[in-house]
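Peer 1: Position one of the sequence shown corresponds to residue 139 (the numbering used here), numbered consecutively onward.
We put the CB at the ideal spot given by N, CA and C, even for glycine.
My questions will all concern the structure given below.
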Amino acid sequence: MPDPTIDAIKSRIDLSEVIGARVTLKRAGRLMKGLCPFHQEKSPSFVVYPDEGRYHCFGCGKSGDVFTWFQDT
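Laid out in structure tokens, this is it:
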């Protein structure tokens, strides 16, 4: 069941700004890409989807939203 408070918080937060404070992100079309903070890598596999308010790493599989970001970092 959706929680209106959680949905309101997510809609007001720019996830790319939050993550960008710790990870160097570069725009790639509608996405933001960078090196994953959860594992060592040389090629960016970490993607932030600003319009959807979520992130995903194609290298280690870590993904989430603003709440999981703060839990995991």
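Under the rule that 16 or more other beta-carbon atoms within 10 Å means buried, what is residue 199, buried or exposed?
Peer 2: Exposed, by the Cβ-count rule.
Peer 1: For the 8 angstroms Cβ check, are there 3 or more pairs between the region 172-189 and the region 141-150?
Peer 2: Output reads no: the region 141-150 does not touch the region 172-189.
Peer 1: Leaving aside the five residues before and after residue 154 along the sequence, list all residues of the same chain whose C-beta is less than 8 angstroms from its C-beta, in chain order.
Peer 2: Cβ neighbours of residue 154 beyond the five flanking positions: 163, 170, 186 and 188.
Peer 1: In chain order, what residues of the same chain lie with their CB nearer than 6 angstroms to the CB of residue 196, ignoring the 5 residues before and after it?
Peer 2: The answer, listed in chain order, is 183.
Peer 1: Taking the Cβ atom as the reference point for each residue, do residue 160 and residue 175 lie within a distance shorter than 8 angstroms?
Peer 2: In this structure, residue 175 lies closer than 8 angstroms to residue 160 by Cβ.
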